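The numbers in UniProt numbering rise by one with no breaks, and the one at position 288 of the sequence shown is 288.
Right, one structure below, let's go through it.
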Amino acid sequence: MEAATVVAAPIPAADAAAKALEKKLLDLELPPFPAPAKKAAAKVVAAAPKKKLAGGAGGYVLEDVPHLTDYLPNLPSFPNPLQNHPAYSVVKQYFVNADDTVAKKIVVHKGSARGTHFRRAGPRQRVFFQPDEVSAAIVTCGGLCPGLNTVIRELVCGLHDMYGVTSVVGIEGGYRGFYARNTVELTPRSVNGIHKRGGTVLGTSRGGQDTGKIVDSIQDRGINQVYIIGGDGTQKGAATIHAEVQRRGLKCAVVGVPKTIDNDIAVIDRSFGFDTAVEEAQRAINAAHVEAESAENGVGVVKLMGRNSGFIAMYATLASRDVDLCLIPESPFYLEGKGGLLEFAEKRLRENGHMVIVVAEGAGQDVIARSMRLADAHDASGNKVLLDVGLWLCAKIKDHFKKKANFPITLKYIDPTYMIRAVPSNASDNVYCSLLAHSAIHGAMAGYTGFTVAPVNGRHAYIPFYRITEKQNKVVITDRMWARVLCSTNQPCFLSTEDVEKAGQDDEEPIVPLVEGENSLVKAPPLLANAGDGAALCNGAA
């Protein structure tokens, strides 16, 4: 696997800190992509792409995204039709500057390096597609999430209204729809009201990733822009599709729109549908609270989504203020013994006469597996099949209180998972979905490819696929937000000293001091977006 390409100026030999950080950059390598799928007897072999890194003063590093001119250097560019668009005529500055980037980390120390940046999203002065040559395809993969139809609608309407693109098709049934299903024509009229409906009008599925067949279909149909909406597994698939498209030398932009209701995609501020999920979770929590409060020693248990990350449970708990106990995958817990969950439940019922428990679906999986002696299983997307922590927890609570004389309880269990996934997105998510779709369109028209679009610290950016698939976003249990939950519920933290230390180590990021003297680590020529003839690319290629 090739090392990352870095544009670097000579560094003084005496500067050990600069050398160490430069070595770290030069040693960066891409994580391996999943093995390409087979087509008949032949195997699709896609070379792992290089990371595009460029450096600047003060330890500035740009993690850039691929561009069509990286492998099609003679590709012509054209003036952006938005400059003549009446809706944009009143905008003071509607084109993004070529050098605009977004910082990954905005809270820094006095001696910190400027750190990692991503290319800012938005329209460019030059585009690499003529409107009448664009043939775009949209596909949705993975589980349902509020906002899917809104993203589809805004992609279709944005391509048509902003750039005059009239050829847009939908791929039905997820990835396998590229080679197993017909396409459906999408027009502004056909998608006009779909944002008011839950689910996805294109249908979805898990798995079905045959890269060779997918790219064959893209090539045969003459598709040159592919918009892929899905979670981290889907984005990994998009990365392999991009790699194969590049290997074949096709003029085709592959763009990802991150979708996960759990909000577990790394780097980005949040994923669409999350706000709606938290809002809908309130209905279930309110119902559980009413049931618990109305019965003698009433217990309401609500299971929410959160396979590996407990963001929905955490935010719903903070928003509700009626929750007595919140359990998430990141924070281990135990049932029996001093300070355990069952002892706390008994104490809370004696004090208040009722309690509400919110549990994320991925919480306590190791505890359940040990108690039931079950082996791991995985679904078509490679996700671990979860055991039902809600039913298991209810059974354990009932068993515990059956042994208590003169302590009857009334337990109600609510699982709103599929109700929440299937609702239309709320107003906040609708606006967010529109911004994501428009940013994706601007990037594809400008010739960028192999990227996911999402906000980073409040600014939309183009993020390389590998950046959002290398790890998952998780609740940091040593952070103040989780401390706020503990303060709200007054629950025990269940954590040992070792658990806290491990959580702190997992979240640590090294602080790299600025280089003395000229205060620069690596230098690069000005970053050129939409480079014309003879201009340098961001990875140093001419």
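Ideal Cβ placement from N, Cα and C applies to all residues, glycine included.
Source: prediction; values computed, not measured.
Cross-strand partners of residue i (DSSP beta bridge)
i, result
"leucine 318", "Looking at the DSSP assignment, leucine 318 forms no beta bridge with any residue, so it has no partner."
"glutamate 185", "Val169"
"methionine 355", "Val299"
"histidine 460", "Pro455"
"threonine 140", "Ile229"
"residue 543", "The structure shown does not extend to residue 543, since the chain is modelled only from 1 to 542, so the question has no answer here."
"alanine 360", "Leu304"
"glutamine 472", "Ile265"
"proline 79", "Arg126"
"serine 371", "BP columns for serine 371 are empty, so no partner."
Start and end residues, beta strand (DSSP E) containing residue i
i, result
"aspartate 64", "60-64"
"methionine 445", "No beta strand (DSSP E) contains methionine 445, which is instead part of the alpha helix (DSSP H) from 427-445."
"glycine 256", "253-258"
"arginine 119", "115-120"
"phenylalanine 129", "Where phenylalanine 129 is concerned, there is no enclosing beta strand (DSSP E), given that its DSSP letter is neither H nor E."
"leucine 325", "325-327"
"glycine 55", "52-56"
Exposure of residue i, with buried meaning 16 or more beta-carbon neighbours within 10 Å
i, result
"arginine 321", "exposed"
"residue 602", "Outside the displayed span of the chain (1 to 542) sits residue 602, for which this structure offers no information."
"proline 258", "buried"
"valine 267", "buried"
"aspartate 220", "exposed"
"isoleucine 106", "exposed"
"lysine 398", "exposed"
"alanine 87", "exposed"
"tyrosine 418", "exposed"
"glutamate 279", "buried"
"aspartate 99", "exposed"
"glutamine 209", "buried"
"proline 464", "buried"
"cysteine 145", "buried"
"lysine 303", "buried"
"histidine 109", "exposed"
"asparagine 263", "buried"
"glycine 174", "buried"
Delimiting residues of the alpha helix (DSSP H) encompassing residue i
i, result
"arginine 247", "232-247"
"phenylalanine 410", "According to the sequence as given, residue 410 is threonine; it is not phenylalanine. Premise fails: threonine 410 lies in the beta strand (DSSP E), 410-414, not in any alpha helix (DSSP H)."
"valine 278", "274-293"
"residue 549", "Nothing about residue 549 can be reported from this structure: the residues present for the chain run from 1 to 542 only."
"threonine 101", "Counting along the chain, threonine 101 falls outside any alpha helix (DSSP H), though it belongs to the beta strand (DSSP E) covering 101-103."
"phenylalanine 494", "First-last for phenylalanine 494: undefined, no H or E at that position."
"threonine 469", "465-469"
"threonine 204", "No alpha helix (DSSP H) holds threonine 204; DSSP gives it neither H nor E."
"glycine 339", "No alpha helix (DSSP H) contains glycine 339, which DSSP labels as neither H nor E."
"glutamate 330", "It is not in any alpha helix (DSSP H) - glutamate 330 carries neither H nor E in the DSSP assignment."
"arginine 421", "417-421"
"valine 215", "211-221"
"asparagine 149", "148-163"
"histidine 400", "389-402"
"alanine 405", "No alpha helix (DSSP H) contains alanine 405, which DSSP labels as neither H nor E."
"tyrosine 179", "177-180"
Residues near residue i by beta carbon distance below 7 Å, same chain, minus five either side
i, result
"lysine 471", "Ala266"
"glycine 298", "Glu291, Ala292, His354 and Thr410"
"cysteine 433", "Gly147, Thr150, Val151, Glu154, Phe272 and Ser425"
"arginine 197", "Asn149 and Pro424"
"arginine 480", "none"
"aspartate 275", "Asn426, Ser428 and Asp429"
Close Cβ partners of residue i (< 8 Å) along its chain, the five nearest in sequence each way excluded
i, result
"glutamate 172", "Arg181, Asn182, Thr183, Val184, Leu202 and Gly203"
"leucine 186", "Ile138, Ile152, Val156, Val168, Val169 and Gly170"
"histidine 117", "Tyr60, Val61, Leu62, Glu63, Thr101, Val102, Ala103 and Lys104"
"leucine 75", "Leu68, Thr69, Phe128, Lys251 and Gly447"
"proline 79", "Gln125, Arg126 and Val127"
"glycine 249", "Tyr71 and Leu72"
6 Å CB neighbourhood of residue i in its chain, flanking five on each side removed
i, result
"phenylalanine 494", "Phe333"
"lysine 24", "Confidence at lysine 24 is low in this model, with a pLDDT of 44, below 50, so its placement is unreliable and no value can be given for it."
"histidine 460", "Ala121 and Ser439"
"lysine 474", "Ser309 and Glu330"
Residue-level contact to chain B via CB, residue i, 8 Å cutoff
i, result
"glutamine 83", "No chain B is present in this structure, which holds just one protein chain."
Checklist entry - Quick check: the segment 125-138 against the segment 164-180, are there 3 or more CB pairs under 8 Å? => result The segment 125-138, when compared against the segment 164-180, does touch it at the 8 Å Cβ threshold.
Checklist entry - Does the count of Cβ pairs from the segment 438-454 and the segment 311-325 closer than 8 Å reach three? => result No, the segment 438-454 is not in contact with the segment 311-325.
Checklist entry - If we count Cβ pairs, one from each stretch, closer than 8 Å, do we get three or more for the segment 303-320 versus the segment 350-367? => result Under the 8 Å Cβ criterion, the segment 303-320 counts as touching the segment 350-367, having at least three qualifying pairs.
Next on the checklist: Check whether the segment 138-158 and the segment 429-438 are in contact - that is, three or more C-beta pairs closer than 8 Å.
Outcome noted: Three or more pairs of CB atoms, one per stretch, sit closer than 8 Å, so the segment 138-158 contacts the segment 429-438.
Checklist entry - Between the segment 278-291 and the segment 406-417, are three or more C-beta pairs nearer than 8 Å? => result Counting C-beta pairs closer than 8 Å gives three or more between the segment 278-291 and the segment 406-417, which meets the contact rule.
Next on the checklist: Counting beta carbon pairs with one atom in the segment 363-371 and one in the segment 385-394, are three or more of them shorter than 8 Å?
Outcome noted: The answer is yes - the segment 363-371 touches the segment 385-394, with three or more Cβ pairs under 8 Å.
Item to check | Inter-stretch contact (C-beta, 8 Å, three-pair minimum) for the segment 239-247 and the segment 419-434 | outcome: The answer is no - the segment 419-434 does not touch the segment 239-247, with fewer than three Cβ pairs under 8 Å.
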